[in-house]
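S.K.: Starting off with a structure, shown below.
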Amino acid sequence: YYEFRFSPPVRADFSELAKATEAFCPFCPDKIEVATPRFPEEFVSGGRIRVGEAVVVPNLMPYSQHSAVTVVCRKHFVGLTEFTQKVLADALSASQEYFKKVVIHDKSQKHFLIVWNFMPPSGGSMIHPHLQPVSYEEPMGYYAKQFEASRKFYEEHGRSFWQHLVEEENLLGERYVGATGSVHWLTAFAPRSYIFEVIAVFPEKTSILELDQNNIEDFTDGLVRILKYMDTLNISSFNLILQSGSPDEQHYRVNASIIPRFTLPPLGTSDVASLRALNDLSVCYRKPETTCTELKQHF
Numbered sequence: 005y006y007e008f009r010f011s012p013p014v015r016a017d018f019s020e021l022a023k024a025t026e027a028f029c030p031f032c033p034d035k036i037e038v039a040t041p042r043f044p045e046e047f048v049s050g051g052r053i054r055v056g057e058a059v060v061v062p063n064l065m066p067y068s069q070h071s072a073v074t075v076v077c078r079k080h081f082v083g084l085t086e087f088t089q090k091v092l093a094d095a096l097s098a099s100q101e102y103f104k105k106v107v108i109h110d111k112s113q114k115h116f117l118i119v120w121n122f123m124p125p126s127g128g129s130m131i132h133p134h135l136q137p138v139s140y141e142e143p144m145g146y147y148a149k150q151f152e153a154s155r156k157f158y159e160e161h162g163r164s165f166w167q168h169l170v171e172e173e174n175l176l177g178e179r180y181v182g183a184t185g186s187v188h189w190l191t192a193f194a195p196r197s198y199i200f201e202v203i204a205v206f207p208e209k210t211s212i213l214e215l216d217q218n219n220i221e222d223f224t225d226g227l228v229r230i231l232k233y234m235d236t237l238n239i240s241s242f243n244l245i246l247q248s249g250s251p252d253e254q255h256y257r258v259n260a261s262i263i264p265r266f267t268l269p270p271l272g273t274s275d276v277a278s279l280r281a282l283n284d285l286s287v288c289y290r291k292p293e294t295t296c297t298e299l300k301q302h303f
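When we follow the working numbering, the leftmost residue of the sequence shown carries the number 5, and every step to the right adds one.
If you want it as C-alpha cells, here you go:
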C-alpha cells in the first residue's frame with residue numbers, strides 16, 4: 005500500500021462550547037442529583053453507583069434493555085492530557101459494578117460493552133466526559149462478527165485468537181506497541197480510521213466482569229499514554245470501545261479499540277463518508293507501522 009503525506013489535523017478548540025454548555029449540564033456536581041434519573045432501590049441502594057468521582061445513572065436514550073451512563077468526573081471540560089489514571093480507573097470500576105448488578109438481576113446478559121464518545125466529532129452529545137456501559141443477551145454489530153470468528157478460531161486451533169494475536173504481533177514487532185502490566189497494545193493491521201486504530205488486549209481475561217483492580221489500572225495506564233500521543237497530533241476527539249463476553253466464553257478475550265475523530269479543513273468535513281458509513285469500508289492514510297513507531301515513544 006501507499007502512504008499519503010500526513011499533516012496533523014487542525015486542533016479543535018472546544019473551550020467556548022464548554023463554557024456555553026456548563027450552565028445547563030446535567031452531569032455537573034451541582035445538578036446531577038436533580039437532573040439525572042435513579043436506578044430502582046432494589047438495583048442499587050441510593051439509586052446510583054459511585055466510585056471516586058464517577059457516578060453511574062440510567063441512560064435516558066438506552067441502546068438496549070440494560071444501558072447506563074457513567075459520568076467520569078466532576079469537571080465539565082477535560083482536555084486529553086488532563087485525564088488521570090485514577091479518574092479513568094474509577095470510571096471503569098463504576099461501569100463494571102453496574103454490569104455486576106445487571107447480571108444479578110438478569111442472568112440472560114452475556115455481552116458487555118463500554119463505549120466512550122469523546123467530544124462532538126466522535127458523536128458525543130455532551131461535553132462533560134461520560135462513558136456508556138451497555139449489556140446484551142446476544143452479540144451485536146461488528147462485535148458479533150468478531151465474536152463468532154474468535155469462536156471458529158478456537159474450535160479449529162484449540163486456543164484463543166487473541167492470545168495468538170498478541171504473541172504473533174510481539175514476535176513480528178511491526179505493530180506491537182508494548183504492554184502495561186496485563187494489557188498488551190497494538191496498532192491495528194487494518195485501521196478503521198483515516199489515521200490509526202489502537203487495540204488493547206487482556207490475554208488472560210475472558211470478561212469485563214472478572215477484571216481486577218490491577219487489570220483496570222493497567223488499562224488506564226496505557227490509555228493515558230495514548231491520549232497524550234493523540235494530543236501531539238492535534239487530535240481532540242476519539243471513539244473508544246471496551247468489550248467482552250461472559251466468563252464462560254473461553255474463546256474470547258477482553259479487548260478495546262480506540263480511534264481518533266476529527267473534521268477536515270477547510271470545510272469542517274466529517275472523517276466518515278459513504279464507504280465507511282454505508283459499506284463498512286475504511287480508508288487509512290498512514291501505515292499502522294508508522295503509528296506504532298511513534299506510539300512506542302510514549303510506552
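For glycine and all other residues, C-beta sits at the position ideal for the given N, C-alpha and C.
Using the beta-carbon count (16 or more within 10 Å), is R42 buried or exposed?
M.R.: For the purposes of this step, residue 42 is identified with residue 38 of the sequence shown, where counting begins at 1. Counting Cβ neighbours within 10 Å, R42 comes out exposed, since fewer than 16 surround it.
S.K.: Based on Cα-Cα distance, which residue from L175, A22, E159, R54 lies nearest to M130?
M.R.: Taking the sequence shown and counting its residues from 1, one reaches residue 130 at position 126. Residue A22 is the option with its Cα nearest to M130.
S.K.: Can you name the residues that DSSP bridges to Y140?
M.R.: Position 136 of the sequence shown, counting from 1, holds the residue named residue 140. In DSSP, Y140 forms a bridge with H115.
S.K.: Could you check where the alpha helix (DSSP H) with A281 kicks off and where it finishes?
M.R.: As a first step, residue 281 is located in the sequence shown; it is residue number 277 there, counting from the start. A281 -> alpha helix (DSSP H) spans 278 to 283.
S.K.: Take the Cβ of R179 as the centre, count every other Cβ of all protein chains shown within 10 Å, and call the residue buried at 16 or more, exposed below.
M.R.: Reading the sequence shown from its first residue, position 175 is the one you call residue 179. Answer is buried; the Cβ neighbour count reaches 16.
S.K.: Would S241 pass as a contact of P124 if the rule is Cβ separation under 8 Å?
M.R.: On the sequence shown, position 237 is the one that residue 241 refers to. On the sequence shown, position 120 is the one that residue 124 refers to. Their beta carbons are under 8 Å apart, which means S241 touches P124 by this criterion.
S.K.: Can you grab the Cα-Cα spacing for the pair P188 / K35, in whole Å?
M.R.: Counted from its first residue, the sequence shown places residue 188 at position 184. Counted from its first residue, the sequence shown places residue 35 at position 31. The sequence shown places His at residue 188, not Pro. Going from the Cα of H188 to the Cα of K35 covers about 39 Å.
S.K.: What do you reckon, are the CB atoms on S261 and F116 nearer than 8 Å?
M.R.: In the sequence shown, residue 261 corresponds to position 257, counting from 1. In the sequence shown, residue 116 corresponds to position 112, counting from 1. For S261 and F116, no; Cβs fall outside 8 Å.
S.K.: Return the residue from the list S197, Q254, T236, E173 that minimises the CA-CA distance to D275.
M.R.: Taking the sequence shown and counting its residues from 1, one reaches residue 275 at position 271. For D275, the nearest C-alpha among the options comes from S197.
S.K.: Distance check for H80 and F103, CA to CA, integer angstroms please.
M.R.: The count along the sequence shown starts at 1 and reaches residue 103 at position 99. The count along the sequence shown starts at 1 and reaches residue 80 at position 76. Roughly 25 Å separates the two Cα atoms.
S.K.: Quick one: residues in its chain with C-beta nearer than 6 Å to the C-beta of F223, no 5 flanking neighbours on either side, listed in chain order?
M.R.: On the sequence shown, position 219 is the one that residue 223 refers to. Here the set comprises V187.
S.K.: For I220 and A93, which I take to be in contact (beta-carbon distance under 8 Å), what is that distance rounded to the nearest angstrom?
M.R.: As a working note, residue 220 is residue 216 in the sequence shown. As a working note, residue 93 is residue 89 in the sequence shown. Between A93 and I220 the Cβ distance is about 5 Å, and since that is below 8 Å, they are a contact.
S.K.: Please state the DSSP three-state secondary structure of G182.
M.R.: Here residue 182 refers to the residue found at position 178 when the sequence shown is read from its first residue. Correct three-state label for G182: strand.
S.K.: Output the distance between the C-alpha atoms of N218 and L271, rounded to the nearest integer angstrom.
M.R.: Against the sequence shown, residue 218 aligns to sequence position 214. Against the sequence shown, residue 271 aligns to sequence position 267. Those two C-alpha atoms are separated by around 44 Å.
S.K.: Could you check if G145 is buried or exposed, using at least 16 other CB atoms within 10 Å of its CB as the buried criterion?
M.R.: Your numbering for residue 145 matches position 141 in the sequence shown. Its Cβ having fewer than 16 others within 10 Å, G145 is exposed.
S.K.: My understanding is that H302 touches Y233, with C-beta atoms under 8 Å, so please give their C-beta distance in whole angstroms.
M.R.: The residue labelled residue 302 in the question sits at position 298 within the sequence shown. The residue labelled residue 233 in the question sits at position 229 within the sequence shown. Confirmed, Cβ separation roughly 5 Å.
S.K.: Identify the continuous alpha helix (DSSP H) that holds L175 and give its terminal residues.
M.R.: Taking the sequence shown and counting its residues from 1, the one referred to as residue 175 is at position 171. 165 to 176 is the span of the alpha helix (DSSP H), which, as asked, contains L175.
S.K.: Determine the direct distance from the alpha carbon of W120 to that of F165, and round the result to whole angstroms.
M.R.: Numbered from 1 along the sequence shown, position 161 holds the residue referred to as residue 165. Numbered from 1 along the sequence shown, position 116 holds the residue referred to as residue 120. Cα-Cα distance, rounded: 25 Å.
S.K.: Decide yes or no for the touch test of the stretch 198 to 208 against the stretch 82 to 92: beta carbon pairs closer than 8 Å, at least 3 of them.
M.R.: no
S.K.: Using DSSP bridges, identify the partner residues of Q247.
M.R.: By 1-based counting over the sequence shown, the position of residue 247 is 243. According to DSSP, which records beta bridges pairwise, Q247 is partnered with L117, N259.
S.K.: For the alpha helix (DSSP H) that contains S99, what are its first and last residues?
M.R.: Within the sequence shown, the letter at position 95 stands for residue 99. S99: member of the alpha helix (DSSP H) spanning 89 to 109, first to last residue.
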